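As they're listed, the protein sequences go chains E and P.
Here the first sequence stands for residues 1 to 326, numbered as in our numbering.
Here the second sequence stands for residues 1 to 153, numbered as in our numbering.
Cβ atoms here follow ideal geometry from the backbone N, Cα and C, with glycine treated the same way.
Small disclaimer: the values here were computed from a predicted structure and weren't measured.
Here is the structure we will look at, set down as structure tokens.
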Amino acid sequence: MSYSAAKNSQMQKKLRQEAKALLEQGKVDCIIGYEPGSLKHATTPLITKDKAATERLVINPFIVNNLSNFLPYTKGRIGIVAKGCDSRSIVSLIQDNKVKREDLFILGVPCSGLIDVSKVEALVGKYRDEIDDISRQGDIITVKVGAAKKEFSLSQVMFDNCLACELPTPAEYDVLLGEPTSPIGAAAESAGKLDELKAMTAAQRWAFWQNEFRRCTRCYACRNVCPACYCKRCFVDETEPQWLAPMPQEPDNLMFQIIRNLHVSGRCTDCGECERTCPVNIPLRALTRDMYDIVDELFEFKSGMDTKTQPLLTAYEVDEAEDLVK
Amino acid sequence: MTQDSEWEPRLLGLLCKWCSYAGADLAGTGRKKYPANIRIIKVPCSGRIDPLLIVKALRLGFDGVLVSGCHPGDCHYQTGNYRARRRLAITRKFLEGMGVDPRRLRATWVSASESGKFVEVVSDLVKDLKEIGPNELFGGKKQPDAEKAKTGS
Numbered sequence: 001m002s003y004s005a006a007k008n009s010q011m012q013k014k015l016r017q018e019a020k021a022l023l024e025q026g027k028v029d030c031i032i033g034y035e036p037g038s039l040k041h042a043t044t045p046l047i048t049k050d051k052a053a054t055e056r057l058v059i060n061p062f063i064v065n066n067l068s069n070f071l072p073y074t075k076g077r078i079g080i081v082a083k084g085c086d087s088r089s090i091v092s093l094i095q096d097n098k099v100k101r102e103d104l105f106i107l108g109v110p111c112s113g114l115i116d117v118s119k120v121e122a123l124v125g126k127y128r129d130e131i132d133d134i135s136r137q138g139d140i141i142t143v144k145v146g147a148a149k150k151e152f153s154l155s156q157v158m159f160d161n162c163l164a165c166e167l168p169t170p171a172e173y174d175v176l177l178g179e180p181t182s183p184i185g186a187a188a189e190s191a192g193k194l195d196e197l198k199a200m201t202a203a204q205r206w207a208f209w210q211n212e213f214r215r216c217t218r219c220y221a222c223r224n225v226c227p228a229c230y231c232k233r234c235f236v237d238e239t240e241p242q243w244l245a246p247m248p249q250e251p252d253n254l255m256f257q258i259i260r261n262l263h264v265s266g267r268c269t270d271c272g273e274c275e276r277t278c279p280v281n282i283p284l285r286a287l288t289r290d291m292y293d294i295v296d297e298l299f300e301f302k303s304g305m306d307t308k309t310q311p312l313l314t315a316y317e318v319d320e321a322e323d324l325v326k
Numbered sequence: 001m002t003q004d005s006e007w008e009p010r011l012l013g014l015l016c017k018w019c020s021y022a023g024a025d026l027a028g029t030g031r032k033k034y035p036a037n038i039r040i041i042k043v044p045c046s047g048r049i050d051p052l053l054i055v056k057a058l059r060l061g062f063d064g065v066l067v068s069g070c071h072p073g074d075c076h077y078q079t080g081n082y083r084a085r086r087r088l089a090i091t092r093k094f095l096e097g098m099g100v101d102p103r104r105l106r107a108t109w110v111s112a113s114e115s116g117k118f119v120e121v122v123s124d125l126v127k128d129l130k131e132i133g134p135n136e137l138f139g140g141k142k143q144p145d146a147e148k149a150k151t152g153s
């Protein structure tokens with residue numbers, strides 16, 4: 001289904017009604033959704049028990065956060081707004097026994113892709129505040145700055161992981177707020193960095209990552225925002241033995257990210273939150289996407305597709321990956 | 001490559017307690033000679049090996065890592081080595097994608113009676129590592145035991 005603003009506002013209306021009814025009937029203890037952010041063209045998570053607050057819930061092309069990140073830390077029964085990618089993270093958490101399916105009421109949003117405001121900023125050469133309006137009709141994004149108006153295609157302004165999205169409509173939901181949508185299907189245009197890296201020699205690739213991680217401050221935002229990183233005690237916080245020096249330095253930064261990726265393998269759904277949150281813009285999706293492809297190639301496993309599937313690293317087949325062992 | 005004639009690769013062996021460690025032990029009691037480049041850590045099961053241990057070894061400057069467990073079907077805990085295999089396959093492929101030579105991580109199955117195979121695997125890995133050259137991935141930091149030897153503590 002093609003995107004239109006009218007359909008979107010219908011979806012938003014339905015969400016507000018549903019959310020309010022859920023709280024009134026006591027079916028859930030709280031609602032996790034999105035409300036308008038303090039910045040232009042942005043949203044912020046809304047976690048509320050207040051029926052009146054459901055009027056603030058929004059659905060628009062800027063609902064970027066993966067809200068499933070809150071689930072392991074939120075008590076009671078939860079009504080959660082989930083796009084396709086978020087639903088996969090939720091399913092992954094259910095597989096890991098971190099949340100119970102019966103404690104959740106999933107308000108599924110058939111997603112048509114999200115707009116990357118930083119891409120728009122780069123295209124029009126203006127900051128977020130200076131852009132008056134970003135609107136979408138069908139497959140055209142119109143950006144207004146003062147009297148000037150510019151049009152862009154989806155592949156120019158959508159998030160890379162939205163272009164490569166395989167599941168825009170949630171696979172797991174209790175209520176679907178609109179008609180199912182189909183993938184944008186522009187994976188080839190989104191793999192930019194990874195393709196570039198694959199064309200390099202091994203030494204060049206390693207040098208590339210060394211260079212990238214030189215500016216990492218090890219703020220751990222990528223870990224904190226990741227729905228798959230829910231360990232109460234992360235290996236980076238351990239002191240006996242201490243795996244990493246506390247001071248951010250390139251070799252340890254790099255090691256941290258390698259291990260983080262290996263630890264979330266088979267649970268990472270390539271939602272792109274780590275790359276979005278990175279304050280120094282390290283292209284982390286080139287790593288998560290690579291891991292996603294490796295897991296698929298070796299074990300034909302796609303994370304977060306079905307609540308009944310066993311988590312990748314707790315299962316095994318007798319005859320697999322045999323060429324690994326000599 | 002910065003190989004001088006004195007350079008010898010160092011490798012870390014993570015060997016399962018039930019099979020491979022006993023296999024290495026048997027090589028010793030059988031007076032078989034294997035390269036002294038390997039430093040061995042005994043682990044309860046190959047399924048215990050977190051990729052963290054492997055990457056940490058590379059971070060410390062080991063030139064290669066050998067992971068060895070029981071043959072499929074022979075695991076003391078039934079399934080530990082199958083789980084290890086999955087994890088190792090992912091680890092090796094991912095490291096390769098980042099630019100690490102996949103030959104630096106070797107996985108093998110050695111039973112308690114296969115001392116000959118253990119000797120073979122270690123010799124082969126040392127040969128490979130000599131070809132690849134020293135590990136300078138993480139700045140080629142000195143290993144703790146090398147530092148200790150210098151300070152004499």
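Cutoff 8 Å: residue i Cβ touching any chain E Cβ
i, result
"residue 7 of chain P", "no"
"residue 11 of chain P", "no"
"residue 56 of chain P", "yes"
"residue 162 of chain P", "Limits of chain P in this structure are 1 at one end and 153 at the other, which puts residue 162 of chain P out of reach."
"residue 107 of chain P", "yes"
"residue 44 of chain P", "no"
Beta carbon proximity, residue i to chain P, threshold 8 Å
i, result
"residue 193 of chain E", "no"
"residue 262 of chain E", "yes"
"residue 283 of chain E", "no"
"residue 305 of chain E", "no"
"residue 11 of chain E", "no"
"residue 346 of chain E", "Beyond the ends of chain E as shown, which are 1 and 326, falls residue 346 of chain E; an answer cannot be given."
"residue 316 of chain E", "yes"
"residue 228 of chain E", "no"
"residue 20 of chain E", "no"
"residue 278 of chain E", "no"
Distance between residue j and residue i (C-alpha atoms, nearest Å)
i, j, result
"residue 15 of chain E", "residue 204 of chain E", "49 Å"
"residue 153 of chain P", "residue 109 of chain P", "Because the pLDDT at residue 153 of chain P is just 41, under 50, the model does not fix this residue reliably, and the value given afterwards should be weighed accordingly. Near 36 Å, if we compare the C-alpha coordinates of residue 109 of chain P and residue 153 of chain P."
"residue 139 of chain E", "residue 212 of chain E", "34 Å"
"residue 180 of chain E", "residue 110 of chain E", "5 Å"
"residue 46 of chain P", "residue 74 of chain E", "36 Å"
"residue 134 of chain E", "residue 42 of chain E", "11 Å"
"residue 104 of chain P", "residue 267 of chain E", "26 Å"
"residue 11 of chain E", "residue 160 of chain E", "24 Å"
"residue 32 of chain E", "residue 58 of chain E", "11 Å"
"residue 125 of chain P", "residue 32 of chain P", "17 Å"
"residue 220 of chain E", "residue 22 of chain P", "41 Å"
"residue 79 of chain E", "residue 139 of chain P", "49 Å"
"residue 200 of chain E", "residue 35 of chain P", "34 Å"
"residue 60 of chain P", "residue 19 of chain P", "27 Å"
"residue 88 of chain P", "residue 127 of chain E", "45 Å"
Within 8 Å, strictly: CB atoms of residue i and residue j
i, j, result
"residue 51 of chain E", "residue 93 of chain E", "no"
"residue 42 of chain P", "residue 17 of chain P", "yes"
"residue 48 of chain P", "residue 316 of chain E", "no"
"residue 137 of chain E", "residue 4 of chain E", "yes"
"residue 85 of chain P", "residue 321 of chain E", "yes"
"residue 30 of chain P", "residue 115 of chain P", "yes"
"residue 295 of chain E", "residue 312 of chain E", "yes"
"residue 209 of chain E", "residue 100 of chain P", "no"
"residue 184 of chain E", "residue 114 of chain E", "no"
"residue 286 of chain E", "residue 197 of chain E", "yes"
Cutoff 6 Å; reference residue i; Cβ partners in own chain excluding five residues on either side
i, result
"residue 174 of chain E", "105, 106"
"residue 12 of chain P", "39, 57, 62, 65"
"residue 277 of chain E", "221, 225"
"residue 243 of chain E", "235"
Chain A contact residues for residue i, given Cβ-Cβ distances below 9 Å
i, result
"residue 235 of chain E", "The question asks about chain A, but that chain is absent: this structure's protein chains are E and P."
Residues of its chain near residue i, where Cβ-Cβ distance is below 7 Å and the 5 sequence neighbours each way are ignored
i, result
"residue 273 of chain E", "66, 225, 226"
"residue 129 of chain E", "40"
"residue 130 of chain P", "9"
"residue 72 of chain E", "93, 98, 99, 230"
"residue 18 of chain E", "107, 175"
"residue 24 of chain P", "15, 40, 118"
"residue 84 of chain E", "111, 165, 167, 168, 169, 170"
"residue 35 of chain E", "43, 44, 46, 56, 57, 58"
"residue 395 of chain E", "Past the edges of chain E, shown from 1 to 326, lies residue 395 of chain E, and the structure says nothing about it."
"residue 256 of chain E", "218, 236, 244"
Spatial neighbours of residue i in its chain, beta-carbon cut-off 8 Å, leaving aside the 5 residues before and after
i, result
"residue 102 of chain P", "92, 93, 95, 96"
"residue 132 of chain E", "144, 145, 146"
Checklist entry - Quick one, which residues of the segment 119-144 of chain P are near chain E if we go by CB-CB under 9 Å, in chain order? => result Within the segment 119-144 of chain P, those residues whose Cβ lies closer than 9 Å to any Cβ of chain E are, in chain order, 121, 124, 137, 138, 139, 141.
Checklist entry - Of all the residues that make up the segment 87-105 of chain P, which are near chain E by a beta-carbon distance shorter than 8 Å? => result Result list: 87, 88, 89, 90, 91, 92, 93, 94, 95, 96, 97, 98, 99, 100, 101.
Next on the checklist: Any C-beta of chain E within less than 7 Å: which residues of the segment 19-35 of chain P qualify?
Outcome noted: none
Checklist entry - Just by C-beta distance, which residues in the segment 100-123 of chain E are closer than 8 Å to chain P? => result none
Checklist entry - What are the residues of the segment 204-232 of chain E that lie near chain P, defined by any Cβ-Cβ distance shorter than 9 Å? => result Taking 9 Å as the cut-off between beta carbons, the residues of the segment 204-232 of chain E near chain P are 204, 205, 206, 207, 208, 209, 210, in sequence order.
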